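Undergrad: The sequence shown begins at 205 in our numbering and counts up by one.
Every residue gets a Cβ at the ideal spot worked out from N, C-alpha and C, and that includes glycine.
All figures in this text were calculated on a predicted structure; none of them were measured in a lab.
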Amino acid sequence: MFVTYENTNRDTLHTKIISDAIFLLSMNCLGIYFRYMNEIVIRKSFLEKRSCVESTLQLNFEANQENNLMSSIIPHHIVGKVKTSVTEYISQYRKNGSVPLQKPFENLYIEAHQNMTILFADIVNYTMMTTRLEVSGILDVLNHLFSRFGAISEKLKVLRMKFLGDCYYCVAGLPPDPAPNHAEACVDFGLEMIAIIAGIRKLKNLDINMRIGVHTGSISSGIIGTIKWQYDIWSKDVDLANKMETEGTAGMVHITKETKNLLHKPYNIELSTKIVNNEPTYLVKPCPEKAPPQNGVIGGTSNPHTNPGHNHEN
């Protein structure tokens with residue numbers, strides 16, 4: 205902005221200059237003020253947006269952590285139901301100011317499932333191993349075993365239920381992402397278990413093995429406990445799978461007729477001498493030409509059940 209004073213009276217020139225200077229200074233100050241206020245608004249808006257993004261990321265992170273934690277305790281397909289119950293419980297508490305009569309985990313979330321395959325496994329000579337090794341050595345062996353079992357079960361879509369000492373049991377066929385053939389998944393898992401423990405047997409020079417029982421049938425599943433809760437399965441067929449393990453042979457997978465009838469891949473099958481529930485049972489043997497890995501836990505396991513020339517019964 206330019207100001208000229210060519211036609212200004214000399215008597216009023218100084219007054220004119222001073223008034224114009226004050227006007228221009230005021231306009232500049234006003235412009236600086238609005239610029240400053242605009243910067244504050246923009247900065248505040250930016251900080252609010254950043255805070256919103258950070259909160260969203262934090263909420264997503266916490267939600268993922270919550271899902272991962274719950275999925276490590278209960279199957280993924282009922283996590284949503286449990287979270288909904290917990291949310292309703294909290295909402296009711298906030299609304300009424302008192303604890304609801306029914307706690308969120310008093311609902312057992314019982315579900316019935318047909319045509320599931322259950323596997324029970326037990327470490328043979330576990331008691332003898334505990335007398336030979338220190339506690340740290342026992343824990344090291346169990347940690348290696350169950351870590352490898354966990355990786356294989358996830359790959360085969362077999363859901364681990366729990367392990368108690370040397371006992372391990374799991375189920376295949378549960379939603380939402382069941383194995384294409386749950387019977388084969390459990391048999392494959394059992395053979396992988398045998399291969400894994402064979403590697404550890406060589407690596408640690410231990411006389412241990414796996415005794416495995418598998419049965420196909422119906423189960424009921426649900427959550428038990430209100431403070432420390434546990435997802436579990438129950439049925440006569442679960443008990444029968446446990447009995448198959450007890451009556452089994454070390455280094456083989458002991459299966460019922462119901463499971464055998466669902467096997468379409470070639471396996472090394474022979475008739476067992478054990479009669480369970482007045483029914484013949486069968487043993488699935490690892491193929492002898494498939495040697496177990498020398499390094500056990502560290503390397504990958506062999507696939508001891510893919511030889512098409514050994515699908516027979518004796």
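1. Relative to the alpha-carbon of residue 401, which residue among 217, 259, 349 has its alpha-carbon at the smallest distance?
2. Please go through the same chain and pick out, in chain order, the residues whose beta-carbon is closer than 8 Å to the beta-carbon of residue 383, but skip the five residues on each side of it.
3. Distance, Cα to Cα, residue 284 vs residue 320?
4. How many whole angstroms separate the CB atoms of residue 418 and residue 457, which I take to be in contact at a CB cut-off of 8 Å?
5. Check residue 439 in the structure and name its three-state DSSP category.
6. With the cut-off set at 9 Å, would you say residue 353 and residue 372 are in Cβ contact?
7. Is there contact here, the segment 453-471 with the segment 339-347, by at least three beta-carbon pairs under 8 Å?
8. Could you spell out where the beta strand (DSSP E) holding residue 481 opens and where it closes?
9. Cα separation between residue 477 and residue 451?
10. Entirely within the segment 313-356 and at least 3 residues each: give me those beta strand (DSSP E) ranges in chain order.
11. Please report the Cβ distance between residue 324 and residue 445, rounded to the nearest whole angstrom; I am assuming they are in contact, meaning their Cβ atoms lie under 8 Å.
12. At what residues does the beta strand (DSSP E) containing residue 459 begin and finish?
13. In whole angstroms, give me the CA-to-CA distance for residue 412 and residue 421.
14. Indicate the three-state DSSP secondary structure (helix, strand or coil) for residue 371 in the structure shown.
15. Does residue 477 come out as helix, strand or coil in the three-state DSSP assignment?
16. Indicate the three-state DSSP secondary structure (helix, strand or coil) for residue 409 in the structure shown.
17. Residue 397 and residue 427: beta carbons closer than 9 Å?
18. Just to confirm, are residue 286 and residue 294 a CB contact at a threshold of 9 Å?
19. Between residue 489 and residue 472, how many whole angstroms is the CB-CB distance? I'm expecting something under 8 Å.
20. Grab me the residues of residue 469's own chain with a C-beta within less than 7 Å of its C-beta, minus the 5 sequence neighbours each way, in chain order.
21. Looking at the structure shown, is residue 429 part of a helix, part of a strand, or coil, going by DSSP?
22. Is it buried or exposed, residue 403, if we count other Cβ atoms within 10 angstroms and call 16 or more buried?
23. Count the other CB atoms within 10 Å of the CB of residue 369; is the residue buried (16 or more) or exposed (fewer)?
TA: A quick look at the data gives this:
1. Position 197 of the sequence shown, counted from the start, is the residue given in the question as residue 401. Nearest neighbour of residue 401 by Cα position, chosen from 217, 259, 349, turns out to be 349.
2. Locating residue 383 in the sequence shown gives position 179, counting from the first residue. Excluding residues within five positions, the ones whose Cβ falls inside 8 Å are 360, 361, 362, 376, 377, 389.
3. For the purposes of this step, residue 284 is taken as residue 80 along the sequence shown, with counting starting at 1. For the purposes of this step, residue 320 is taken as residue 116 along the sequence shown, with counting starting at 1. Looking at the two C-alpha atoms, the distance is approximately 22 Å.
4. By one-based count along the sequence shown, residue 418 stands at place 214. By one-based count along the sequence shown, residue 457 stands at place 253. A Cβ-Cβ distance of about 6 Å is found for the pair residue 418 and residue 457, placing them in contact under the 8 Å criterion.
5. Mapped onto the sequence shown, residue 439 falls at position 235. DSSP, reduced to helix, strand and coil, places residue 439 outside both helices and strands of the structure shown, so it counts as coil.
6. For the purposes of this step, residue 353 is taken as the residue at position 149 of the sequence shown. For the purposes of this step, residue 372 is taken as the residue at position 168 of the sequence shown. Closer than 9 Å, so yes.
7. The segment 453-471, when compared against the segment 339-347, does not touch it at the 8 Å Cβ threshold.
8. Here residue 481 is taken as the residue at index 277 of the sequence shown, counted from 1. It is not in any beta strand (DSSP E) - residue 481 carries neither H nor E in the DSSP assignment.
9. Indexing the sequence shown from 1 puts residue 477 at position 273. Indexing the sequence shown from 1 puts residue 451 at position 247. Rounded to the nearest angstrom, the two C-alpha atoms are 10 Å apart.
10. List check, beta strand (DSSP E) in window: 315-328.
11. On the sequence shown, residue 324 is found 120 positions in, with the first residue counted as 1. On the sequence shown, residue 445 is found 241 positions in, with the first residue counted as 1. Taking the Cβ atoms as the reference, residue 324 lies roughly 5 Å from residue 445, within the contact range of under 8 Å.
12. Counted from its first residue, the sequence shown places residue 459 at position 255. Its beta strand (DSSP E) spans residues 457-460.
13. Stepping through the sequence shown from its first residue, residue 412 is reached at position 208. Stepping through the sequence shown from its first residue, residue 421 is reached at position 217. Cα to Cα, residue 412 sits roughly 30 Å from residue 421.
14. What you label residue 371 is simply residue 167 of the sequence shown in a count that begins at 1. Residue 371 falls in the strand class under three-state DSSP.
15. Here residue 477 is taken as the residue at index 273 of the sequence shown, counted from 1. Strand.
16. For the purposes of this step, residue 409 is taken as the residue at position 205 of the sequence shown. Residue state, collapsed to three classes: coil.
17. The count along the sequence shown starts at 1 and reaches residue 397 at position 193. The count along the sequence shown starts at 1 and reaches residue 427 at position 223. Residue 427 is positioned such that its CB atom lies no closer than 9 Å to that of residue 397.
18. Your numbering for residue 286 matches position 82 in the sequence shown. Your numbering for residue 294 matches position 90 in the sequence shown. No. Outside cutoff.
19. Walking along the sequence shown from the start, residue 489 turns up at place 285. Walking along the sequence shown from the start, residue 472 turns up at place 268. Rounded, the Cβ-Cβ distance is 4 Å, consistent with contact.
20. Taking the sequence shown and counting its residues from 1, one reaches residue 469 at position 265. The answer, listed in chain order, is 388.
21. Your numbering for residue 429 matches position 225 in the sequence shown. Looking at residue 429 - three-state DSSP - the assignment turns out to be coil, as it is neither helix nor strand.
22. In the sequence shown, counting from the first residue as 1, residue 403 sits at position 199. Residue 403 is buried by the Cβ-count criterion.
23. As a position in the sequence shown, residue 369 is number 165, starting the count at 1. By the Cβ-count criterion, residue 369 is exposed, with fewer than 16 other Cβ atoms from all chains shown falling within 10 Å of its own Cβ.
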